[in-house]
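**Q** Below: one structure in structure tokens.
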Amino acid sequence: MISTKKRLILLDSCILMLPAEKKVNLGQLETLPFSLKVVIPEVVIKELQNLINNGKSAVQKKAKLALSIAQKYEILPSKTEEHTDDELIRLAKQYNGIVATTDVNLRKRLHKEGILCITLVGKKQLKLVGEI
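Start counting the sequence shown at 1; every next residue gets the next number (the UniProt record's numbering).
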């Protein structure tokens, strides 16, 4: 069961693959100026497993590293088999969460829905977009 005393940060597959792509340290998330809990939606785990099984060699390597990073965090059960982005938005609304992503299309949808987002700014810095 997820405790909602802390603000949830839901990581998507793009952000989880950043350490392999750009050597970004995801530990930055824990230095944000508010109480938070980083979680990985189950649908993101499934997406990474799919990339490992069906992706090109370079993508498979990134997805394997991302999956090993994801295992360090609590997995948030997904109730549906919706598209990953749809489920991230649903969960963010349900838990008043913040989504961490570098996906431009997802970021646009999050903004439209009024959901806060953490994204890559510059080469290695993760930053909150919007206001708490």
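Glycine included, C-beta positions come from ideal geometry on N, C-alpha and C.
Based on the DSSP output, what are the partners of Arg7 in its beta bridges?
**A** According to DSSP, which records beta bridges pairwise, Arg7 is partnered with Leu36.
**Q** Cα-Cα, which of Ser68, Thr31, Asp85 is closest to Asp12?
**A** Among Ser68, Thr31, Asp85, the Cα nearest to that of Asp12 is on Asp85.
**Q** Let me know if Val89 comes out buried or exposed under the rule of 16 or more other beta-carbons within 10 Å of its beta-carbon.
**A** Per the sequence shown, the amino acid found at residue 89 is Ile instead of Val. Burial call: buried.
**Q** With a floor of 4 residues, list each alpha helix (DSSP H) that falls wholly inside the UniProt domain "PIN" (7–108), ordered by position along the chain.
**A** As far as the UniProt domain "PIN" (7–108) is concerned, its whole alpha helix (DSSP H) runs of at least 4 residues are 13–16, 18–22, 42–54, 57–70, 84–95.
**Q** As a quick exercise: from Leu67, Ile69, Gln94, pick the residue whose alpha carbon is nearest that of Lys79.
**A** Nearest of Leu67, Ile69, Gln94 to Lys79, Cα basis: Gln94.
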